[in-house]
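Please read the structure below before turning to the comments.
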Amino acid sequence: MDLFSQIESTEREELLALRKELAEANYKYYVENAPTLSDYDFDQKMKHLEELEKAYPDMYDANSPTLRVGSDLNANESHSLEAKGERREAKGAVSDRGEKGKGFEQVAHKYPMLSLSNSYSREEIADWISKLPADVEIVCELKFDGLSISLWYENGILTKALTRGDGVKGDNVVENIKTIAGIPQRLSDIGYRVLDTGFLELRGEVLLPWAAFERLNKEREAEGEPLFANPRNAASGTLKLQDSNEVAKRGLDCYLYYMLGEDLPAGTHFDRLQIAKQWGFNISNAVKVCRSLEEVMDYIGYWDIERKNLPVATDGIVLKVNSLSQQEELGYTAKSPRWAIAYKFPAERQLTKLKQITYQVGRTGVVTPVANLEPIQLSGTIVQRATLHNEDFIRQLDIHEGDMVWVEKGGEIIPKIVGKEVPHSGSLEDGAGAYSLEVKGEEYTFPKNCPECGAKLVRVEGEAAWRCPNEAACPPQIKGKIEHFVSRKAMNIDGLGSETIDLLYSQGLLKNIADIYALTQEDIAQQERLGEKSAQNMLAGIEASKQVPWARVLFALGIRMVGETTAKKLARKFPSIEQLQNASIEQLIATEDVGELIAQNIINYFKDSQNMVIIHRLHQAGLQMVSPDDEQTMLSNKLEGKSIVISGVFTHHSRDEYKNIIEQHGGKNVGSVSKKTSFVLAGDNMGPEKRKKAENLGVALLSEEEFLALIEE
Ligand code: IVH
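Last residue of the sequence shown: 1304 in our numbering, with the numbers rising by one and none dropped.
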């Protein structure tokens, strides 16, 4: 292959990989409220994908993330919550999961809910403005960092409130929206004329103010529940709660920024917002009409500083063409209006002193260096710790205790150290010193022994992490394994939080996972902080865990690298622990997702005599270590008589899983599209040939979400 073809094939692969990565990132962000990429990284990748798609038009795909807005629809609710990894307290309590099985009504948007194109530099803004008509007026607004909502007023009464969903249809969360004081349920009569159509739509952003966010996270911390990464995630989680009383307690707020409908008053966006204000809507006072580039830049400069004093989170400025007729002329792309653009503020960054590097030992023995910082206020929260990842990271940035380091906080909960300030060689601000490697101090060395148990650390070749090999006797590893075992996705034992595990461990009552099943009412109740009631709850949780199916028991054992999905696949292939234990390395590797490393970990796990004692005790306690015969039985007959072709790449399940799902609902998975095909389950990057054939034969294409909605998974 010549060099050019090589580049081309790499770029084509990169294009496909980016589509997949961005689709997954969208899912994590919108559905799970657990962002994996910062907004900046997401946008950079999206830009790169757009460039690649321009270069390779033959790879066009209508499902590409460049052409679709992200979706917040809980099409596969159980999946989304499973993947969130959250641990819930007492059963029956109202949690963010809401009541089981109850979802929201999905409603098609009257006008698609688009997003905005993002820019990160003032040059891009200047460039955008330069292409607009000379006499243009630009409305500058704050970009609120919450989630968008579409409010429907029919004859002056609030009838629906839709989330963005996938941009085409959204979840109707009107009962929850009614708890927000700033949203009128009935429009005030003063000045409100029932419009000819009787229909009015307002769009805005629902947010959780900083104070409410901090209060909520404090409560969650006290309850041992996972914290929300930022107010946006908290607002999103809150809006999807099933219990409106709980929503009301959380203190959501809402700013409106867009009015839609027919025969609406006023010819400009700004005037419409002022009218909406008179009707009782919460419109930000920061909205301003600007008539020159200079005015726009002043606005950006002012709010970049002043936003830190606002009670709510903002992540940029939105610029909109004021005249509605000019808006109409400019029109839309597939994803966003051409008459608006967002300027995103740079991630907030601060300089602070690295007081000390400490080391944390996780359940698998990985030792993670942690930066203990002089506390600083960053993006609304106080930051005093940040991860330093591993030895290589510290060496690359040449970081030492006592250094001044730059700390950045994007959309993630864990702040990042992005560089250090080198004395006398400039700063990050002027782009010189922070990444400089010129003034190298003494090379940093990682500790040789485990900070918790003193064992000599080991570093496997090719891995970045140092590990403590003392699995059986290193306290954080033991406690970590127990915490993992009881966690929600594993055995889901309520009432055994990390503090209780600490306590019972220190009393010598919990030395490994099997000890959980030897705990007695007296053991627990005699602990000062626990008492009879906690003992009863805990024992009930322990008893209930005996019904947890084999796949989850396998995941709970905590075999290195055997995550939830791998455990499911293994459990399907080896329906009993005995079969798994007797499997050869070749048989293990023949399982989907299992490579040599995982296979070896499984073999090592069963070779260890202490593990075998634990398994024996768990078996005696009555845990499920065999799949019931009926596991493969039907879930429904919704797909009876249907021949379904699977094509493309999917986000929620693998192709194999979809094959199983189809069969479990009575359908048949077939290989190629023909007249007899009922529909194609079409993922990302579906083959163009298949698509063409399906279109020619009039065979419907169902997206992953549509399919899951069909079987109501
Ligand atoms: S206008 C068609 N104005 O930003 C234009 N959006 O990235 C609709 N947002 O989905 C959006 N503050 O959730 C607009 N003042 C503002 C905004 C705003 C926050 C959000 C909104 C939108 C997202 C686009």
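Ideal Cβ positions, reconstructed from N, Cα and C, are used throughout, including at glycine.
Using DSSP's beta-bridge definition, name the partner residues of residue i.
i     : result
C731  : K879 and L910
Q941  : V998
M850  : L793
L1272 : I1237 and L1293
R1058 : V957 and V1049
Q1255 : Bridge partners of Q1255: none, in fact.
I768  : Note: I768 sits in no beta bridge, so no partner.
G761  : V698
Confirm the yes/no value for this check: CB of residue i, any heavy atom of the ligand IVH, distance under 8 Å.
i     : result
S1136 : no
R794  : yes
Y893  : no
A931  : yes
N709  : yes
K911  : yes
M704  : yes
R882  : no
Y631  : no
R863  : no
D989  : no
P928  : yes
G1312 : Shown here, the chain extends from 592 to 1304; a query on residue 1312 therefore has no answer.
R755  : yes
Y848  : yes
Identify the continuous alpha helix (DSSP H) that holds residue i and give its terminal residues.
i     : result
Q1178 : I1176 to I1180
F595  : L594 to Y621
L643  : D630 to A646
W801  : W801 to A813
R713  : R713 to S721
W743  : Careful: W743 lies outside any alpha helix (DSSP H), inside the beta strand (DSSP E) at L738 to E745.
K1283 : P1279 to L1288
A1190 : E1187 to K1198
Y934  : Segment A931 to K935 is the beta strand (DSSP E) holding Y934; no alpha helix (DSSP H) there.
K1267 : Where K1267 is concerned, there is no enclosing alpha helix (DSSP H), given that its DSSP letter is neither H nor E.
I1168 : I1168 to Q1172
Taking the beta strand (DSSP E) that residue i belongs to, which residues open and close that run?
i     : result
K899  : Premise fails: K899 is in no beta strand (DSSP E) and is neither H nor E.
T972  : T972 to T978
K1011 : K1007 to K1011
L753  : I748 to T754
Return no unless some Cβ of chain B is closer than 9 Å to the Cβ of residue i.
i     : result
E1090 : Judged by its chain identifiers, the structure shown contains no chain B, having just a single protein chain.
Considering Cα atoms alone, identify which of the options is closest to residue i.
i     : options                       : result
N1140 : W801, Y849, S1294 and L1161   : The sequence shown places Pro at residue 1140, rather than the Asn named in the question. The residue with the shortest Cα to Cα distance from P1140 is L1161.
I874  : Q1117, W1057 and C731         : C731
F861  : K911, E999, G815 and L807     : K911
A931  : Q918, E1043, S1078 and S712   : Q918
K944  : Y923, G922 and K1011          : K1011
E1297 : A1285, P1038, G1274 and V1009 : G1274
L791  : G694, R755 and K751           : K751
L884  : C1059, E1074, D726 and E604   : D726
Y1108 : I1205, Q1118 and Y651         : I1205
Y1196 : T955, I720, P626 and L749     : T955
A839  : L855, L798 and Q1201          : L798
G1289 : M1277, L1299, K1266 and I1302 : K1266
N1061 : Q1201, G1213, Q635 and R794   : Q1201
L643  : N617, S600 and V952           : S600
S1167 : T627, Q1215 and H1244         : Q1215
N1040 : E1074, R1058 and K1229        : R1058
G756  : D632, S629, Y620 and Y849     : Y620
A1105 : R1208, L1048, A1190 and K879  : R1208
A1131 : L1145, E1119 and T1111        : T1111
Any chance the CB of residue i is under 8 Å from a heavy atom of the ligand GDP?
i    : result
E732 : In the structure on display, the ligand GDP does not appear, and the ligands it does have are the ligand IVH.
task = Examine the Cβ distances between the region 603 to 613 and the region 647 to 657 and report whether three or more of them are shorter than 8 Å.
result = yes
ask   = Pairing CB atoms from the region 827 to 842 with CB atoms from the region 749 to 769, are three or more of them under 8 Å?
value = yes
query = For the region 1047 to 1062 against the region 1081 to 1094, are there 3 or more C-beta pairs whose distance is under 8 Å?
reply = no
key: Cβ pair count under 8 Å reaching 3, the region 754 to 761 against the region 886 to 899   = no
task = Spell out a yes or no on whether the region 731 to 743 and the region 815 to 823 are touching, meaning 3 or more CB-CB pairs, one atom from each, closer than 8 Å.
result = yes
query = Is it true that the region 964 to 981 meets the region 937 to 953, where meeting means three or more beta-carbon pairs spaced less than 8 Å apart?
reply = yes
ask   = When the Cβ atoms of the region 798 to 818 are set against those of the region 740 to 754, are three or more pairs found closer than 8 Å?
value = no
request  = May I ask you to verify whether the region 1061 to 1076 touches the region 1109 to 1129, counting CB pairs closer than 8 Å and requiring at least 3?
outcome  = no
inquiry  = I'd like to know if the region 772 to 779 and the region 799 to 811 are in contact, where contact means that at least 3 CB-CB pairs between them fall below 8 Å.
reply    = no
message = Could you check whether the region 1254 to 1265 touches the region 1176 to 1185, counting it as contact only if at least three pairs of C-beta atoms, one from each stretch, sit closer than 8 Å?
response = no
query = Three or more beta-carbon pairs under 8 Å between the region 1231 to 1239 and the region 1128 to 1136, yes or no?
reply = no
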